[in-house]
Amino acid sequence: MEALVTQIQGLSGTASDVLSLQNLLKQADDSLHAESTRLPPFLDQLDPSKHSLGYLYFLEACTAGPVTQEQASSFLLTIARFISSCVAEQIRLAPDKFICVCKRFKDQVLLLEEPLRGVAPMLTAIRKLQLSSEHLTALHPEFLLLCLLSKCYKTALSILEEDIFEVDQPRDLFLFCYYGGMISIGQKQFRKALELLHNVVTAPMSTVNAIAVEAFKKYILVSLIHHGQFPTNLPKYASSGAQRNLKNLCQPYVELASSYSNGKIADLETYVEANKDKFESDNNLGLVKQAVSSMYKRNIQRLTQTYLTLSLQDIANRVQLNSPKEAEMHVLQMIKDGEIYATINQKDGMVRFLEDPEQYKTCEMIERIDSSIQRLMTVSKKLNVMDELMSCDPLYLAKAGRERQRFDFDDFDNVPQRYNI
Amino acid sequence: MASSSSSGLTFKLHPLVIVNISDHYTRVKSQTNPPPLTSTSATVNGVEHQQQAPRVYGCVIGVQRGRTVEIFNNFELLYDPSTHSLDRPFLEKKQELYKKVFPHFYILGWYSTGSDAQESDMHIHKALMDINESPLYVLLNPTINPAQKDLPVTIYESELHVIDGIPQLIFVRSSYTIETVEAERISVDHVAHLKPSDGGSAATQLAAHLTGIHSAIKMLNSRIRVLHHYLVGMQKGDIPCENSLLRQVSSLLRRLPAIESEKFQDDFLMEYNDTLLITYLAMFTNCSSTMNELVDKFNTAYDRHSRRGGRTAFI
Chain B
1 MEALVTQIQG LSGTASDVLS LQNLLKQADD SLHAESTRLP PFLDQLDPSK
51 HSLGYLYFLE ACTAGPVTQE QASSFLLTIA RFISSCVAEQ IRLAPDKFIC
101 VCKRFKDQVL LLEEPLRGVA PMLTAIRKLQ LSSEHLTALH PEFLLLCLLS
151 KCYKTALSIL EEDIFEVDQP RDLFLFCYYG GMISIGQKQF RKALELLHNV
201 VTAPMSTVNA IAVEAFKKYI LVSLIHHGQF PTNLPKYASS GAQRNLKNLC
251 QPYVELASSY SNGKIADLET YVEANKDKFE SDNNLGLVKQ AVSSMYKRNI
301 QRLTQTYLTL SLQDIANRVQ LNSPKEAEMH VLQMIKDGEI YATINQKDGM
351 VRFLEDPEQY KTCEMIERID SSIQRLMTVS KKLNVMDELM SCDPLYLAKA
401 GRERQRFDFD DFDNVPQRYN I
Chain P
1 MASSSSSGLT FKLHPLVIVN ISDHYTRVKS QTNPPPLTST SATVNGVEHQ
51 QQAPRVYGCV IGVQRGRTVE IFNNFELLYD PSTHSLDRPF LEKKQELYKK
101 VFPHFYILGW YSTGSDAQES DMHIHKALMD INESPLYVLL NPTINPAQKD
151 LPVTIYESEL HVIDGIPQLI FVRSSYTIET VEAERISVDH VAHLKPSDGG
201 SAATQLAAHL TGIHSAIKML NSRIRVLHHY LVGMQKGDIP CENSLLRQVS
251 SLLRRLPAIE SEKFQDDFLM EYNDTLLITY LAMFTNCSST MNELVDKFNT
301 AYDRHSRRGG RTAFI
């Protein structure tokens, strides 16, 4: 054991040394696991900022076995300190060990019922494990789970803002987008929530999984709140399994959406009352209530398309609100949120609906469009790369070759009918 | 062949004639198969061919008023190599048709292509003498000589000279001027500016326009950079301070911005934003189409249930 410690201390200098150290550690892994109870004092001899790789192996072996309540607290401290001071390059040599340690950290934190303690260390851990800001690691969903449980949504927003291009495991993506959607709903950023939930629902999946089903239910509700309508068919790029099965599994929500589109609040409320327990068992009752209240907004918006001016009393009648005062409150809120453009004349209680005052002549608009164009250009480049990769994919070529028409008069090239590698 | 004529006639040539002859020649040359080689000989199937540029022939028509001969138009004729003469009945038919449309035009002579007038041309020339007692011979030289500044067109007249005791008809060169009507000028200008490969398709014209603007901006940028570099050097002290230059630079800068008013800003920004939006839209469409293809390929490769058997059109 001591020999191993001295070796770690000696070989943690340069990159080549670290590689040889890694081989040594891999061989010694089993012996480490066998003597896991004896390891904690050795941890003090190692410095996490210099000997990160060795420390990681030791730490992973230590936490492998069952941990008692008293040990848990001290372990949390050691792990947190390790995460904040470790060296990223050394960690990336053994990513699965690192993920293992962090997951155990999360479990401990949840056991102690103090999810807040885990948020900051987890964030640092993600930043150290990521190869680039576009890389989705297995730690992302764990981090979001901790944020959700501790209700600190703001820290999660910085992670959600990044665009993701590389994913390690598909399950990570599903969980990440689902939790991310829930956090965005909590922050009332419905557009972002819709985008994330959309990703879950349309992600490629050979069989429908439970995460997608739950996400689909929330997706319907958020789409009703944000857009006022729900497209009955999933887009073409959703997997065929999803297209066929998701709607059957979320029947009450689909019916809710269809009764929403009729526009009658009373019907909607009776339907919600009738199926209250189903919504409650899915923990979606809050969202459903938000959807119902968004119905008023939808109706007022529909009024802007027909009328130029309207009195508050009329609005209240048409939207089935109880009094002009309520109507005024609704309209005021909508003007503040930027959902409609109107002015309220308090003297005679008339509301005049206006056009969008944006003239598109300002420099800020130029910068906005310019940055959008730049983003599109990077996306386009990445898409081209992916397209080329896809065209060379043997599975695709096999299927494409099989489906060609037999007698193509203009074709003289030979696409193999069976593509054997 | 003498180099100047003594008939005292002034010749006026319209550009339509030149364009027509050139067009005739180009058409015939591009339609011959295999393409002719100019001066080298080619070995085809073991037989040596010496191919020269094809010669084209035709008639020129116009008006003669007093001493001024104005050549307005021309039409093509077929050359009969067996009799070494032009197709006579066709010529007469054409003459009749042109008479109906242009009653004042007469056949003034004939044209051909080549680098110099040849002996055999005299034969054709004499054959035309019964229509016009003194016909003209318009010769176009189709070889492209970038150093040449004048038009490669020469007008020959025939004169009776006594050579070695025998009176012979020889060609003498005459000078001419180019005369245009306004309509002619516009159409010839238009024809001259067409690009040889694509012609007037919108994409190449837009590309040409934008390339011109791009090179202009690039030149402006490089010149401003030179000035800036110079001024920075002056500021640092590397270059001695030259007040006259500084005065010029400052007066130039004071002339900018050229227009400064609220209305101009508004309109300018609006137009700028419109162009940006169009570019954005174009990028969007491009991206969407790539994405669509990618998703199609992905679905074909990995989605088990989508296409089983059956033929699908791969567009």
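Residue numbers (full-length UniProt numbering), protein chains in the order written: chain B, 1 to 421; chain P, 1 to 315.
Even glycine gets a Cβ: it sits at the ideal position worked out from N, Cα and C.
Nothing here was measured: the structure is a model prediction, and the numbers come from that model.
The alpha helix (DSSP H) spanning isoleucine 71(P) covers which residue range? Start at 1 with the first residue of the second sequence, and residue 71(P) comes out as number 71. Premise fails: isoleucine 71(P) lies in the beta strand (DSSP E), 68–77, not in any alpha helix (DSSP H).
Determine the chain P residues that contact methionine 386(B) at a beta-carbon separation under 8 Å, and present them in chain order. Counting from one through the first sequence, the residue named residue 386(B) turns up at place 386. Ordered by position in chain P, the residues that pass the 8 Å Cβ test against methionine 386(B) are Leu294.
Throw me the rounded Cβ distance for the valine 319(B) and isoleucine 300(B) pair, which I believe falls under 8 Å. Locating residue 319(B) in the first sequence gives position 319, where the first residue counts as 1. Locating residue 300(B) in the first sequence gives position 300, where the first residue counts as 1. Between isoleucine 300(B) and valine 319(B) the Cβ distance is about 6 Å, and since that is below 8 Å, they are a contact.
Between the alpha carbons of aspartate 44(B) and glutamine 108(B), how many angstroms are there, rounded? Along the first sequence, read from residue 1 onward, the residue named residue 44(B) stands at position 44. Along the first sequence, read from residue 1 onward, the residue named residue 108(B) stands at position 108. About 21 Å.
Can you grab the Cα-Cα spacing for the pair valine 351(B) / serine 323(B), in whole Å? By 1-based counting over the first sequence, the position of residue 351(B) is 351. By 1-based counting over the first sequence, the position of residue 323(B) is 323. Their Cα atoms are separated by approximately 15 Å.
Quick one: which unbroken alpha helix (DSSP H) runs of 4-plus residues sit fully inside the segment 240–300 of chain B? Chain order, please. 240–249, 251–262, 265–274, 276–281
In this structure, does DSSP put serine 261(P) in helix, strand or coil? Here residue 261(P) corresponds to residue number 261 of the second sequence, with the count starting at 1. Looking at serine 261(P) - three-state DSSP - the assignment turns out to be coil, as it is neither helix nor strand.
Cβ-based contacts, 8 Å cut-off: residues of the segment 354–381 of chain B near chain P: Gln359, Tyr360, Lys361, Thr362, Cys363, Met365, Ile366, Ile369, Asp370, Ser372, Ile373, Leu376, Met377, Val379, Ser380
Compare the C-beta of alanine 242(B) against all C-beta atoms of chain P and say whether one is closer than 8 Å. Position 242 of the first sequence, counted from the start, is the residue given in the question as residue 242(B). With 8 Å as the cut-off, alanine 242(B) does not count as an interface residue toward chain P.
For proline 167(P), which residues does DSSP report across the bridge? Here residue 167(P) refers to the residue found at position 167 when the second sequence is read from its first residue. Paired residues: Val162(P).
Would you kindly report the start and end of the unbroken alpha helix (DSSP H) that includes glycine 181(B)? Counting from 1 along the first sequence, the entry for residue 181(B) is found at position 181. Where glycine 181(B) is concerned, the enclosing alpha helix (DSSP H) stretches over 170–186.
Suppose the cutoff is 6 Å on Cβ atoms and the five residues either side in sequence are ignored; what does the same chain contact list for asparagine 45(P) look like? Taking the second sequence and counting its residues from 1, the one referred to as residue 45(P) is at position 45. Confidence at asparagine 45(P) is low in this model, with a pLDDT of 42, below 50, so the placement of that residue is unreliable and no value is reported for it.
Simplified DSSP state of glycine 310(P), which is helix, strand or coil: Along the second sequence, one-based indexing puts residue 310(P) at 310. Confidence at glycine 310(P) is low in this model, with a pLDDT of 40, below 50, so its placement is unreliable and no value can be given for it.
Find the nearest neighbour of cysteine 100(B) within the set Ser132(B), Glu89(B), Cys62(B), Val119(B), judged by alpha-carbon distance. Within the first sequence, residue 100(B) is the residue found at index 100, counting from 1. Checked all of Ser132(B), Glu89(B), Cys62(B), Val119(B); the closest Cα to cysteine 100(B) is Cys62(B).
Please report the straight-line C-alpha distance between threonine 362(B) and serine 391(B), rounded to a whole angstrom. The count along the first sequence starts at 1 and reaches residue 362(B) at position 362. The count along the first sequence starts at 1 and reaches residue 391(B) at position 391. Distance between the alpha carbons of threonine 362(B) and serine 391(B) is about 43 Å.
Interface residues of chain P facing tyrosine 237(B) [CB-CB closer than 7 Å]: To locate residue 237(B), count along the first sequence from 1; it is residue 237. Within chain P, the residues near tyrosine 237(B) are Val295.
When you compare only the Cα positions, how much space is there between asparagine 145(P) and isoleucine 107(P)? As a first step, residue 145(P) is located in the second sequence; it is residue number 145 there, counting from the start. As a first step, residue 107(P) is located in the second sequence; it is residue number 107 there, counting from the start. Rounded to whole angstroms, asparagine 145(P) to isoleucine 107(P) spans 31 Å at the Cα level.
Quick check on the burial criterion: 16 or more other C-beta atoms within 10 angstroms. Buried or exposed for cysteine 241(P)? Here the question's residue 241(P) lines up with position 241 in the second sequence. Per the 10 Å Cβ criterion, exposed.
In angstroms, rounded to a whole number, what distance separates the CA positions of methionine 182(B) and threonine 124(B)? Working through the first sequence from its first residue, we reach residue 182(B) at position 182. Working through the first sequence from its first residue, we reach residue 124(B) at position 124. Spanning the two alpha carbons is a distance of roughly 22 Å.
Limits of the beta strand (DSSP E) - the one that histidine 27(P) falls within: Indexing the second sequence from 1 puts residue 27(P) at position 27. The residue asked about is misnamed: residue 27(P) is arginine in this sequence, not histidine. Arginine 27(P) -> not in any beta strand (DSSP E); alpha helix (DSSP H) instead, spanning 15–31.
What residues in its chain sit with their C-beta under 6 Å from that of leucine 149(B), if we drop five residues either side in the sequence? Position 149 of the first sequence, counting from 1, holds the residue named residue 149(B). Pro115, listed in sequence order.
What residues from chain P crowd round histidine 400(B), counting only those whose CB sits closer than 9 Å? Counting from one through the first sequence, the residue named residue 400(B) turns up at place 400. In the sequence as displayed, the identity of residue 400(B) is alanine instead of histidine. In chain order: Lys297, Thr300, Ala301, Phe314.
Cβ neighbour criterion (16 or more within 10 Å) applied to lysine 381(B): Along the first sequence, one-based indexing puts residue 381(B) at 381. Lysine 381(B) should be labelled exposed.
Mind listing which residues of the segment 263–284 of chain P have their C-beta closer than 7 Å to chain B's C-betas, in chain order? Asp266, Leu269, Met270, Tyr272, Asn273, Leu276, Leu277, Thr279, Tyr280, Met283, Phe284
Any idea what DSSP makes of cysteine 86(B), helix, strand or coil? One-based indexing of the first sequence puts residue 86(B) at position 86. Of the three classes helix, strand and coil, the one that applies to cysteine 86(B) here is coil, per DSSP.
The beta strand (DSSP E) that contains isoleucine 107(P), what's its start and end? By 1-based counting over the second sequence, the position of residue 107(P) is 107. Here the beta strand (DSSP E) through isoleucine 107(P) covers 106–113.
Under 7 Å by beta carbon: chain P residues contacting residue 428(B): As shown, chain B starts at 1 and ends at 421. That puts residue 428(B) outside it, with no answer to give.
Compute the beta-carbon to beta-carbon distance between valine 138(P) and valine 60(P), rounded to the nearest angstrom, for a pair I have assumed lies under 8 Å. By one-based count along the second sequence, residue 138(P) stands at place 138. By one-based count along the second sequence, residue 60(P) stands at place 60. Indeed they touch by this definition, with Cβ atoms about 6 Å apart.
Quick check: what's the CA-CA separation for alanine 238(B) versus serine 289(P)? Here the question's residue 238(B) lines up with position 238 in the first sequence. Here the question's residue 289(P) lines up with position 289 in the second sequence. Spanning the two alpha carbons is a distance of roughly 17 Å.
Between the alpha carbons of glutamate 70(P) and glutamine 64(P), how many angstroms are there, rounded? For the purposes of this step, residue 70(P) is identified with residue 70 of the second sequence, where counting begins at 1. For the purposes of this step, residue 64(P) is identified with residue 64 of the second sequence, where counting begins at 1. Spanning the two alpha carbons is a distance of roughly 6 Å.
Neighbour flag for methionine 205(B) against chain P, beta carbons, 8 Å: The residue you call residue 205(B) lines up with position 205 of the first sequence. No, no contact with chain P.
Using the Cα positions of cysteine 102(B) and leucine 139(B), report the straight-line distance between them to the nearest angstrom. As a working note, residue 102(B) is residue 102 in the first sequence. As a working note, residue 139(B) is residue 139 in the first sequence. So the alpha carbons of these two residues sit roughly 8 Å apart.
Simplified DSSP assignment, three categories, for aspartate 356(B): Locating residue 356(B) in the first sequence gives position 356, where the first residue counts as 1. Coil.
State buried or exposed for residue 443(B), treating a residue as buried only when at least 16 other CB atoms are found within 10 Å of its CB. The question about residue 443(B) has no answer here: the residues shown for chain B are numbered 1 through 421.
Top-ranked residue by Cα proximity to serine 281(B), from Glu214(B), Ile265(B), Ala342(B), Lys247(B): As a first step, residue 281(B) must be located in the first sequence, where it is residue number 281. Residue Glu214(B) is the option with its Cα nearest to serine 281(B).
State the Cα-Cα distance for the pair aspartate 337(B) and serine 250(P), rounded to the nearest angstrom. Locating residue 337(B) in the first sequence gives position 337, where the first residue counts as 1. Locating residue 250(P) in the second sequence gives position 250, where the first residue counts as 1. Each residue's Cα considered, the two are about 50 Å apart.
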